[in-house]
Amino acid sequence: QQRRRAFTDDEFERLLQVAPAQRPLYLTAAYTGLRLNELRQLIWADIHLDHERPHIIARAGTTKNRKEAMLPLHSQLAEELRKIKPENASLGERVFNILTQPDKQFKRNLERAGIEPIDALDRKIDFHALRYTFATKLAKEGVAQRMAQELMRHSDPRLTAMIYVGGGVKVA
640 QQRRRAFTDD EFERLLQVAP AQRPLYLTAA YTGLRLNELR QLIWADIHLD HERPHIIARA
700 GTTKNRKEAM LPLHSQLAEE LRKIKPENAS LGERVFNILT QPDKQFKRNL ERAGIEPIDA
760 LDRKIDFHAL RYTFATKLAK EGVAQRMAQE LMRHSDPRLT AMIYVGGGVK VA
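Residue numbers (the working numbering): 640 to 811.
Structure representation (structure tokens):
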């Protein structure tokens with residue numbers, strides 16, 4: 640199985656610039672670590688923008704591990720979500736309208752941003768690489784491994800340490 644890698648800061652900025660319609664989706668993936676299927680099921684009731692500490696509640700029924708989790712929101716992401724929230728949004732309304740197979744659109748956006756889908760070390764970059772980017776951002780900010788494991792919602796700390804931050808991702 641081919642290894643993934645995280646986006647560099649420059650690549651991530653370029654991706655956001657060429658994909659304004661997907662910008663909130665990509666920011667949410669990279670700043671929360673939510674998986675594509677979890678993002679598909681995200682509704683406005685899950686997002687708490689007016690709380691003292693804005694956050695997302697990942698409902699147990701929507702998460703891979705079937706456990707509820709609270710994910711703090713980066714200030715840039717909270718602002719972006721405030722911008723896109725419809726004034727009369729119902730709590731049950733989905734936040735993102737994600738295509739059934741968003742891979743083609745994602746690949747087009749990578750191409751438009753000048754990002755190679757496979758790097759010189761034979762590591763791929765795909766939508767799930769946004770989750771790797773989240774892990775890398777946590778490591779760069781000095782977040783303790785135990786906290787990163789919790790935010791990534793991993794049951795095994797080795798998964799966080801070896802696959803996301805060590806084996807498949809260069810933390811530079």
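All C-beta atoms, glycine included, are put in the ideal place defined by N, C-alpha and C.
Residue from the options whose Cα sits closest to the Cα of residue i
i, options, result
"Leu655", "Asn727, Thr702 and Phe745", "Phe745"
"Ala728", "Asp685, Thr775, Leu710 and Arg643", "Asp685"
"Val710", "Lys724, His690 and Glu726", "The sequence shown places Leu at residue 710, rather than the Val named in the question. It is His690."
"Glu652", "Arg643, Arg733, Ala669 and Arg642", "Ala669"
"Arg705", "His793, Trp683, Ala778 and Phe735", "His793"
"Ile737", "Asp648, Ala708, Glu650 and Ala660", "Ala660"
"Leu712", "Thr701, Val657, His687 and Asn748", "His687"
Residue i to residue j span [Cα, whole Å]
i, j, result
"Glu719", "Pro663", "6 Å"
"Leu760", "Ile754", "14 Å"
"Ala768", "Arg643", "6 Å"
"Met801", "Glu726", "43 Å"
Range of the contiguous beta strand (DSSP E) that encloses residue i
i, result
"Met709", "Ala708 to Pro711"
"Ile764", "It is not in any beta strand (DSSP E) - Ile764 carries neither H nor E in the DSSP assignment."
"Val695", "First, the amino acid is wrong: residue 695 is Ile here, not Val. It spans His694 to Ala697 - the beta strand (DSSP E) in which Ile695 sits, taken as one unbroken run."
Counted within 10 angstroms of its Cβ, other Cβ atoms place residue i as buried (16 or more) or exposed
i, result
"Leu716", "buried"
"Gln788", "buried"
"Ala699", "exposed"
"Lys722", "exposed"
"Lys703", "exposed"
"Thr701", "buried"
"Leu627", "Here the chain has residues from 640 to 811 only, and residue 627 is not among them."
"Ile764", "buried"
"Leu730", "exposed"
"Arg770", "buried"
"Thr739", "exposed"
"Ala774", "buried"
Endpoints, alpha helix (DSSP H) assigned at residue i
i, result
"Ala669", "Arg662 to Thr671"
"Ala787", "Gln784 to Met791"
"Ile757", "Here Ile757 belongs to no alpha helix (DSSP H), and DSSP marks it neither H nor E."
"Gln656", "Asp648 to Val657"
"Lys722", "Ser714 to Ile723"
"Leu738", "Taken as a continuous stretch (DSSP letters only), Leu738 belongs to no alpha helix (DSSP H), as it is neither H nor E."
Check: residue i C-beta below 7 Å from any heavy atom of the ligand GDP
i, result
"Ala787", "With respect to the ligand GDP, the structure offers nothing, as it holds no ligand at all."
CB contact flag (residue i, residue j, <8 Å)
i, j, result
"Thr667", "Leu673", "yes"
"Arg733", "Leu681", "yes"
"Thr772", "Phe646", "yes"
"Ile695", "Thr671", "yes"
"Phe735", "Leu790", "no"
"Val657", "Arg751", "yes"
"Leu749", "Pro756", "yes"
Residue-level contact to chain B via CB, residue i, 8 Å cutoff
i, result
"Lys703", "Given the protein chain composition of this structure (a single chain), no chain B is represented."
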